[in-house]
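One rule links them: number in the numbering used here = place in the sequence shown (from 1) + 371.
Inspection log for the structure reproduced underneath, given as structure tokens.
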Amino acid sequence: MSTRPFPPAAPSTRTPGPPEPDRPTFSGLAIGFVTAALLVIALLTRGAGVIGIAVLFLIFVPMEKLFAFRPQKVFRRGFLTDLTHLLVNNVLITVGVLVAVVVAMIPFFWLRHLDIAGALPPATAVVLAAAIVLVGQYWAHRLTHQVPLLWRFHSVHHSIENMDWLASGRLHPIDQVFTHGAVVIPLYLLGFNGNVFGGVVVFFTLLALFQHANVRIRFPVVRWVINTPEWHHWHHALDREAINKNFGTPVIDKLFGTAYMPRGQWPSGFGTTEPVPPVGYVRQLAYPFTKAARTGRASGQEGDAARVVPSTVQS
Ligand SMILES: [Zn+2]
Ligand SMILES: [Zn+2]
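Below is the structure:
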């Protein structure tokens, strides 16, 4: 299996590209229009989702102001892009996972009929489900970093330069169908029911919101038990020693030798060396299919790979 270059090329060797055009282009306007239309459709059709996001806004914005890891505007660059991800992607991911489960059922339907989960003592079934969720999520996430084709999709998530609760939504739906499928398909084939899937979705949604939040809160005892912002921010860090670390929960990463959380330190900045468009929902969804994603170079760039320049910590 080929792996993602590790560590990535040093930024200093890269050639800066030409400046961005300062007037709107036709394609830029068209993409902006499509993104705005998607956002409006989502706002009109996903009433519950909109209320949910409003509630999350009221919870996380004061929390991020009170305990900010770094000063950051609420309406920062990429706000609308990430809001669109949060509102639209759930629908695409749910459809994608359902298709993946149906396809997986074709050769393995006999396994579902055995109802292994139902035959187990309840406590054992809970432990088995938890193990599948935690280990499945870990390896699926790790593969998205190591397999170049999967990394093209997952690099959209790693293009986040401003970590906050809203950024947790920036995930390519195909990336999420792969990661969720790695958990849901084994659970389904072993006979687990909809309540377990519902619990898994709620657990991962809340965890994702919390671990991306821009909050400097340390949890002395639980920092090695559950995913905290301190833990997951290192996963997004540009610091060389943090590359390809912290894929799952701390316990599972410890088990597989990929845990990294130095005491008393915080990442120097977030982002990726891939040329993922920093804003634009449609552009980010299209990115994995572009030549830029295959070659690691932005269009129109000569020489070394173009780089999305990450923001750095202001301290
Ligand atoms: Zn990742
Ligand atoms: Zn993340």
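Built from N, CA and C at the ideal position, the CB exists for glycine as well.
Computed from a prediction, not measured in an experiment: that's the story for all the values here.
Taking 7 Å as the cut-off, does the CB of H516 come closer than this to any heavy atom belonging to ligand 1?
The sequence position of residue 516 within the sequence shown is 145, counting from 1. H516: yes, Cβ under 7 Å from ligand 1.
Spatial distance of Y652 from L485 (CA atoms):
The count along the sequence shown starts at 1 and reaches residue 652 at position 281. The count along the sequence shown starts at 1 and reaches residue 485 at position 114. For Y652 and L485, the distance between alpha carbons rounds to 43 Å.
Taking 7 Å as the limit between beta carbons, can you name the residues of its chain near G619, skipping five residues before and five after?
Taking the first residue of the sequence shown as position 1, residue 619 is located at position 248. The residues are L505, Q508, Y509, H512.
Three-state secondary structure (DSSP) of F627
Reading the sequence shown from its first residue, position 256 is the one you call residue 627. Residue state, collapsed to three classes: coil.
Continuous alpha helix (DSSP H) assignments of at least 4 residues falling wholly in the segment 541-572
544-560
For F581, does the count of other Cβ atoms within 10 angstroms reach 16, so buried, or fall short, so exposed?
Position 210 of the sequence shown, counted from the start, is the residue given in the question as residue 581. It counts as buried.
What first and last residue would you give for the alpha helix (DSSP H) that runs through P648?
Position 277 of the sequence shown holds residue 648. Looking at the DSSP string, P648 is not in any alpha helix (DSSP H), and its letter there is neither H nor E.
Rounded to the nearest angstrom, how far is the Cβ of P638 from that of A613, given a contact under 8 Å?
Taking the sequence shown and counting its residues from 1, one reaches residue 638 at position 267. Taking the sequence shown and counting its residues from 1, one reaches residue 613 at position 242. Sure, about 7 Å apart at Cβ, within 8 Å.
Have a look at P442 and Q636 and give me their C-alpha separation to the nearest angstrom.
As a first step, residue 442 must be located in the sequence shown, where it is residue number 71. As a first step, residue 636 must be located in the sequence shown, where it is residue number 265. P442 and Q636: Cα-Cα distance of roughly 17 Å.
Ends of the alpha helix (DSSP H) at R483?
Numbered from 1 along the sequence shown, position 112 holds the residue referred to as residue 483. Where R483 is concerned, the enclosing alpha helix (DSSP H) stretches over 450-485.
Ignore the nearest five residues each way along the sequence and tell me which others in S682's own chain have a CB closer than 8 Å to its CB.
On the sequence shown, position 311 is the one that residue 682 refers to. Summary for S682: the model assigns pLDDT 37, below 50, so the residue's position carries little reliability, and this model does not support an answer.
Quick one: is the Cβ of H525 within less than 7 Å of any heavy atom of ligand 1?
Residue numbering aside, residue 525 sits at position 154 when the sequence shown is read from its first letter. Yes; taking the cut-off as 7 Å, the Cβ of H525 has a heavy atom of ligand 1 nearer than that.
Cβ separation of L491 and L482, assumed to be a contact under 8 Å, to the nearest whole Å:
For this step, residue 491 is matched to residue 120 along the sequence shown. For this step, residue 482 is matched to residue 111 along the sequence shown. At roughly 14 Å, the Cβ-Cβ gap does not stay under 8 Å, so L491 and L482 are not in contact.
Under a Cβ-count criterion, where at least 16 other Cβ atoms within 10 Å of its own Cβ denotes burial, should N598 be classed as buried or exposed?
For the purposes of this step, residue 598 is identified with residue 227 of the sequence shown, where counting begins at 1. So N598 ends up on the buried side.
Cβ neighbour criterion (16 or more within 10 Å) applied to N564:
The residue you call residue 564 lines up with position 193 of the sequence shown. Exposed is the call here.
Same chain, Cβ closer than 7 Å to R523, five either side skipped, listed in chain order
As a first step, residue 523 is located in the sequence shown; it is residue number 152 there, counting from the start. Closer than 7 Å at Cβ, skipping near neighbours: P659, A664.
Proximity test, H512 beta-carbon vs ligand 1 heavy atom, cut-off 7 Å:
The residue labelled residue 512 in the question sits at position 141 within the sequence shown. Within the cutoff, so yes.
Taking contact to mean 3 or more Cβ pairs, one atom from each stretch, closer than 8 Å, check whether the segment 444-454 and the segment 550-561 are in contact.
no
If you reduce the DSSP assignment to three classes, tell me which class V586 lands in.
Reading the sequence shown from its first residue, position 215 is the one you call residue 586. Strand.
Nearest-angstrom beta carbon gap, V571 and V554 [assumed within contact, 8 Å]:
Translated into the one-based positions of the sequence shown, residue 554 becomes position 183. Translated into the one-based positions of the sequence shown, residue 571 becomes position 200. That pair is a contact at about 6 Å.
If you compare alpha carbons, which of N617, L437, L463 is closest to F627?
Mapped onto the sequence shown, residue 627 falls at position 256. Checking every option, the nearest Cα to that of F627 belongs to N617.
Please say whether A475 and I556 have beta carbons closer to each other than 8 Å?
Indexing the sequence shown from 1 puts residue 556 at position 185. Indexing the sequence shown from 1 puts residue 475 at position 104. For I556 and A475, yes; Cβs fall inside 8 Å.
Suppose only complete runs of 4+ residues qualify. What are the alpha helix (DSSP H) ranges in the segment 586-618, listed by chain order?
600-606
Within 7 Å: the Cβ of H529 and any heavy atom of ligand 1?
By 1-based counting over the sequence shown, the position of residue 529 is 158. Distances from the CB of H529 to the heavy atoms of ligand 1 include at least one below 7 Å.
Beta-carbon within less than 7 Å of G489's beta-carbon, same chain only, minus the 5 sequence neighbours each way: which residues are those?
In the sequence shown, residue 489 corresponds to position 118, counting from 1. Result list for G489: G562, in chain order.
Endpoints, the alpha helix (DSSP H) within which K662 is located
Translated into positions along the sequence shown, residue 662 becomes position 291. That run of the alpha helix (DSSP H) goes 662-666.
Any heavy atom of ligand 2 closer than 7 Å to the CB of H583?
Along the sequence shown, one-based indexing puts residue 583 at 212. Because some heavy atom of ligand 2 lies under 7 Å away, the Cβ of H583 counts as near it: yes.
Where does F446 sit, in a helix, a strand or coil, going by DSSP?
Taking the sequence shown and counting its residues from 1, one reaches residue 446 at position 75. The answer is coil: DSSP assigns F446 none of H, G, I, E or B.
Is the beta carbon of H606 within less than 7 Å of some heavy atom of ligand 1?
Along the sequence shown, read from residue 1 onward, the residue named residue 606 stands at position 235. Flag set: Cβ of H606 near ligand 1.
Endpoints, the alpha helix (DSSP H) within which G507 is located
Indexing the sequence shown from 1 puts residue 507 at position 136. Start and end: 493-517.
If you draw a straight line from the C-alpha of V426 to the C-alpha of P433, how long is it?
Mapped onto the sequence shown, residue 426 falls at position 55. Mapped onto the sequence shown, residue 433 falls at position 62. One C-alpha to the other measures close to 12 Å.
Just to check, is the beta-carbon of H456 closer than 7 Å to a non-hydrogen atom of ligand 2?
As a first step, residue 456 is located in the sequence shown; it is residue number 85 there, counting from the start. Flag unset: Cβ of H456 not near ligand 2.
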